[in-house]
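> Counting in numbering that gives the first Met the number 0, the sequence shown runs from 0 upward without gaps. Handing you this structure, nothing more for now.
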Amino acid sequence: MAMGVWMAGMLMALLPVVPGPDSGFVRAEGTRLTLDGRPYVMAGLNVYNAASDGNCWYPMSLGRSLRQMRGNVIRVWFFQRLATKDGRRDWRALDRVLATARRHGVKVLPVLTDQWGKCEWSGYKTESWYRGGYREIDPGGTVSYRDWVAEAVRRYRHDPAIAMWTLVNEAEAKPSGAADCGPGATGALRGFADDVGAVAKAASPAHLLTLGTMGGGQCGTAAQNYREVYASPALDVCEYHDYHEPDEAIPGNEFDGLAVRLAQCEALDKPLFVGEAGIDPKATGGLRGRARAYAVKMSAQFAAGVVGFVVWAWCDAGRTDGDAFVVRPRDPVLKVLDRWTRRKPRL
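Rendered as structure tokens:
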């Protein structure tokens, strides 16, 4: 009898922990998101340098910034470089982001690497990187990207402050940054998503996962190839980025526009969120015009089935580094975000 009880206990310990409806984890139910059993919509800001101590744009005081922001999510770079000091792993910056977000009642959308190599060592991600280069140790890092995904996702597997992991910011698979798209790009991205996605899901079955794409016809995800990549069983959520069309509530064309992406993801029974949205205020006559344009977009896109809208990008420093899309304290777009979300701070 004792042996039977012991074996039953061992089997239970080996089973993955699946969160219940009241666990605080964001879940996907068909094409919608839920939180604690209720429909959940994400609206917030990209704060990509939230973990920066000066090694990724300006040093961020996230607590001060969150007191000035609105919205219920922030999208943040969680790159290996930001958790490495003097050749050793140092989790303090990433731990601090999650703890601060939790105190302010905000969920986090961590992104694990960047297609363009900003704020890290590896540079532009080529097709060969997606075919296997991600298994090699990052230049200046301690482990490969694949191992970094396992390490980071496993560390935070019990943390419901994370709404969803993103494997890559704006993934595409060209032979080089200046090259034309090759015929094997879609297969490279799908194989990457299957492999690294399985690693992430094994590390944390409770968290949602997306590949991370612009969705506007980039190499490997143009037209129907977008659906092929997001059909990966490891991916829970689709992603789209909305730039340069301030007057279009539902942007894009009949091949690669947002309406097409929503239809493709609906066919896959997966939600879609807009992970980046940027409008230059010069195109709308100023900040108030930009806020109105964002309000129109958010209303139309949420009505069409989009489950999240994350504006690019927060800046409370004196410099913008040439980014025309930044959102500063007291920007009228903050009131637009506030209409869609109400935070529940944990004091």
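Note that the Cβ used here is the ideal one computed from N, Cα and C, for glycine as well.
What number of angstroms, rounded off, separates the C-alpha of A292 from the C-alpha of D330?
Spanning the two alpha carbons is a distance of roughly 13 Å.
> Going by other Cβ atoms of all chains shown within 10 Å of its Cβ, with 16 needed for buried, is H243 buried or exposed?
Exposed is the call here.
> Could you please give me the residues that DSSP links to R327 through a beta bridge?
The partner list for R327 (beta bridge, DSSP) is empty, contrary to what the question assumes.
> Determine the contact status of H240 and G219, defining contact as a CB-CB distance below 9 Å.
Not closer than 9 Å, so no.
> Cα separation between S203 and T99?
Looking at the two C-alpha atoms, the distance is approximately 21 Å.
> When you compare the CB positions of A27 and L261, do they come within less than 9 Å of one another, or not?
No.
> Give the DSSP bridge partners of Y39, in chain order.
Beta-bridge pairing links Y39 to L32.
> At the level of alpha carbons, what is the spacing between P174 and P182?
When rounded, the distance between both Cα atoms is 10 Å.
> For the beta strand (DSSP E) containing R74, list its first residue and its last residue.
Its beta strand (DSSP E) spans residues 72 to 76.
> Let's see if you can read the secondary structure: which residues bound the beta strand (DSSP E) around Y367?
Nothing in the structure corresponds to residue 367, since the chain is present only between 0 and 346.
> Go through its chain and collect everything with a Cβ distance to D337's Cβ below 8 Å, but skip five positions before and after it.
For D337, where only same-chain residues beyond five positions count, the Cβ hits under 8 Å are R69, G70.
> For the alpha helix (DSSP H) holding K334, just list the boundary residues, first then last.
Looking at the DSSP string, the run of the alpha helix (DSSP H) that includes K334 is 332 to 339.
> Going straight from the alpha carbon of M297 to that of F308, what length do you get?
In a straight line, the C-alpha of M297 is about 7 Å away from that of F308.
> F191 by DSSP, collapsed to three states: which one?
Three-state DSSP puts F191 in a helix.
> Helix, strand or coil for L346 per DSSP?
Interpretation of L346 is limited by its pLDDT of 39, a score under 50 that renders its predicted location unreliable; the figure taken from the coordinates is listed afterwards. It is coil, neither helix nor strand.
> How should K124 be labelled, buried or exposed, when 16 other C-beta atoms within 10 angstroms of its C-beta is the threshold for buried?
By the neighbour-count rule (16 or more Cβ atoms within 10 Å), K124 is buried.
> So the candidates are A151, L166, E253; which of them puts its Cα closest to the Cα of T209?
The candidate whose alpha carbon is nearest that of T209 is L166.
> With DSSP collapsed to three states, give me the class of G211.
G211 falls in the coil class under three-state DSSP.
> Between G122 and chain D, is there a C-beta pair that is closer than 9 Å?
The structure shown contains no chain D, having only a single protein chain.
> Quick one: Cα of A50 to Cα of V96, how far?
Roughly 6 Å separates the two Cα atoms.
> For A42 and V310, what's the separation of their Cα atoms in angstroms?
Each residue's Cα considered, the two are about 8 Å apart.
> With distances taken Cα to Cα, identify the nearest neighbour of D35 among P159, R80, L65.
Minimum Cα distance to D35 is reached at P159.
> Assign E275 to one of three DSSP states: helix, strand, or coil.
The answer is strand: DSSP assigns E275 an E or B state.
> What is the DSSP secondary structure of A170, counted as helix, strand or coil?
In the structure shown, A170 sits in coil (DSSP, three-state: anything other than H, G, I, E or B).
> Kindly indicate the opening and closing residues of the beta strand (DSSP E) around M163.
Taken as a continuous stretch (DSSP letters only), the beta strand (DSSP E) holding M163 covers 163 to 165.
> To which residues of the same chain is C237 closer than 6 Å at the C-beta, ignoring the five residues directly before and after it?
Around C237: Y229, C264, K269, L271.
> Closer than 8 Å by C-beta to I136: which residues in its own chain qualify, once you throw out the five before and the five after it? Chain order, please.
These residues qualify, in order along the chain: V142, S143.
> Going by beta-carbon coordinates alone, are W90 and R154 separated by less than 9 Å?
Yes, the Cβ-Cβ distance between W90 and R154 is below 9 Å.
> In whole angstroms, what is the alpha-carbon distance linking C55 and N48?
Looking at the two C-alpha atoms, the distance is approximately 6 Å.
> Out of curiosity, what's the CA-to-CA distance linking G140 and W115?
Each residue's alpha carbon lies about 17 Å from the other.
> Would DSSP call K269 helix, strand or coil?
Residue state, collapsed to three classes: coil.
> Using the Cα positions of P328 and G86, report the straight-line distance between them to the nearest angstrom.
Going from the Cα of P328 to the Cα of G86 covers about 36 Å.
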